[in-house]
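J.: I'd like to ask you about the structure that follows.
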Amino acid sequence: MKKEIQELERAIPVKKKAWLDAVDIENKLQEKISSYESLQAKLKSAEVNLAKNEANIAAKESQITSKNSEQQDKNRELNRLSQDVERERDRVKDYENEIDRANRELNWAYDKLSDAERDYDNSQIDLSSAYSYFNSLTYKLALDFQDLKRQLTYDDFYVDIYDENGDGVLDNKWKESLLLKFRKSSEDIDKNESVTVNVEASVFDRDGRENSRLSRRSDVFRVSAFDEGIEVDLMSTLFDHLEFDNGAHFVLEISVRNSNFSQQRVTLVGQFDYDQPIESNNHRGFRRDKHNKFKDRDDRRRSKDKDRRPDRRRHEHYLNDEPLSFKVWNTSQY
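If you count the sequence shown from 1, you need to add 823 to reach this note's numbering.
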């Protein structure tokens, strides 16, 4: 018994030390557990912060992507504007080239004008003399329509001059045609008897100078007794396909010679005007269509009668669907 007590007494320090070691280990384990729990809490906090940071990063990336898209749009717009600027520069260069060309043409025109003025001065043209020429033609002899018809009457033929209304040439009205009509003075005239009519036209510009585009133009009609009643529109015959300015003056010289070579001449002086109204109900004279093409409404009727002798009948012309009017100022006979 005593021996057992001694053994227990010897074992007490060992067990006490073991118990103290166990308590120490338990304390250290508890510290480790506390440290682990603290680390686990920090880990959760770190995970939460990481999630927040990732969300912020995603938002930033979205903003960056949006800004990049906007920048690309701005870059494309900038490129488009740059191209527009280049096109405008090219257009400005074209305009500058066009202006240079126009300036060259203008300088050329000024040179031509200077040459023309120099030629005009050198030629010493006096406009007053040209107007005096017209006035002298106008006031030589004032013949009315009946006198004019009598002056152009021969033993064998009458040569009548009248407008589309059958009125005389000096009734102070704007006309659209000037007609010559030939008729026998007697039924006993030989068919071989004839007269020759020569008509010569001159056109002058407003300033009195002769129009170089027309100068002079003439036509000759030989009329026999067989051709009684033939009618000639002088304006259509002489001025077809010709160009002249509005307001141009004209002079018609009509000479009639019979078979005995006796000759008389009548001069008509007048002026063209596109804008004057025509005092006519017949509309049978000098006109042009909008395409500047001439039409003869008698062609179809004449083509059906092939046996009929061709004659010089009136033509109906149109200028923008309006008649080309003219007025005869006066006549002179010599």
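Positions of the beta carbon are idealized from the N, C-alpha and C atoms, including for glycine.
(1) Would you kindly report the start and end of the unbroken beta strand (DSSP E) that includes Ser1017?
(2) Within 10 angstroms of its Cβ, does Trp931 collect 16 or more other Cβ (buried), or is it exposed?
(3) When the Cα atoms are used, what is the spatial distance from Leu1075 to Asp934?
(4) Can the beta-carbon of Val982 be found less than 8 Å from the beta-carbon of Val1092?
(5) Kindly indicate which three-state DSSP category Asp990 falls into: helix, strand or coil?
(6) In the DSSP assignment, find the unbroken beta strand (DSSP E) run with Glu999 in it and report its ends.
(7) Let me make sure I understand the geometry here. Which of Asn995, Val1018, Asp994 and Leu936 has the alpha-carbon closest to that of Lys1004?
(8) Give me the Cα-Cα distance between Ala881 and Arg903, rounded to the nearest whole angstrom.
(9) Under 8 Å by Cβ, that's how I've got Asp986 and Ser1000 pegged, so tell me the actual separation to the nearest angstrom.
(10) Count the other C-beta atoms from every protein chain shown that fall within 10 angstroms of the C-beta of Ser868, then say buried if there are 16 or more, exposed otherwise.
(11) Buried or exposed, going by whether 16 or more other CB atoms sit within 10 Å of the CB of Asp1056?
(12) Looking only at its chain, what residues have a beta carbon closer than 6 Å to the beta carbon of Asp907, apart from the 5 residues adjacent to it on each side?
(13) Determine whether the beta carbon atoms of Val1022 and Ile1077 lie at a separation below 8 Å.
(14) Whole angstroms are fine: how far does the CA of Lys840 sit from the CA of Gln863?
(15) Nearest-angstrom Cα distance between Arg1088 and Ile984?
(16) Tell me Lys838's beta-bridge partners as DSSP assigns them.
(17) Going by other Cβ atoms of all chains shown within 10 Å of its Cβ, with 16 needed for buried, is Thr1090 buried or exposed?
(18) Can the beta-carbon of Glu919 be found closer than 8 Å to that of Leu1002?
(19) Buried or exposed: where does Met824 fall if 16 or more other Cβ atoms within 10 Å of its Cβ makes it buried?
(20) Can you tell me the Cα-Cα spacing of Arg924 and Asn898, whole angstroms?
(21) Please name the residue, chosen from Lys998, Phe1095 and Lys865, that lies closest to Asp1028 on a Cα-to-Cα basis.
(22) Could you tell me if Ala845 is buried or exposed, where buried requires 16 or more neighbouring beta carbons within 10 angstroms of its beta carbon?
T.: Per the coordinate set shown:
(1) Where Ser1017 is concerned, the enclosing beta strand (DSSP E) starts and stops at Ser1017 to Phe1027.
(2) With fewer than 16 other Cβ atoms within 10 Å, it is exposed.
(3) So the two alpha carbons sit approximately 36 Å from each other.
(4) By the CB criterion at 8 Å, Val982 and Val1092 fall outside the cutoff.
(5) Here Asp990 sits in coil by DSSP.
(6) Counting along the chain, Glu999 falls outside any beta strand (DSSP E), and DSSP gives it neither H nor E.
(7) Here the closest residue by C-alpha is Val1018.
(8) Taking the straight line from one Cα to the other gives about 33 Å.
(9) Rounded, the Cβ-Cβ distance is 6 Å, consistent with contact.
(10) Counting every other CB atom within 10 Å of its CB across the protein chains shown gives Ser868 a total below 16, marking it as exposed.
(11) Buried, by the Cβ-count rule.
(12) Sequence-distant partners of Asp907 (beyond 5 residues in either direction) whose C-beta falls short of 6 Å from its own C-beta are missing from its chain.
(13) It is a contact, given that the beta carbons lie within the stated cut-off.
(14) So the two alpha carbons sit approximately 34 Å from each other.
(15) The straight-line gap from Cα to Cα measures roughly 13 Å.
(16) Answer is none; Lys838 lacks a bridge partner.
(17) So Thr1090 counts as buried.
(18) For Glu919 and Leu1002, no; Cβs fall outside 8 Å.
(19) In the assembly as shown, Met824 is an exposed residue. Its beta-carbon has fewer than 16 other beta-carbons within 10 Å.
(20) Each residue's Cα considered, the two are about 39 Å apart.
(21) The candidate whose alpha carbon is nearest that of Asp1028 is Phe1095.
(22) With fewer than 16 Cβ atoms within 10 Å of its Cβ, Ala845 is classed as exposed.
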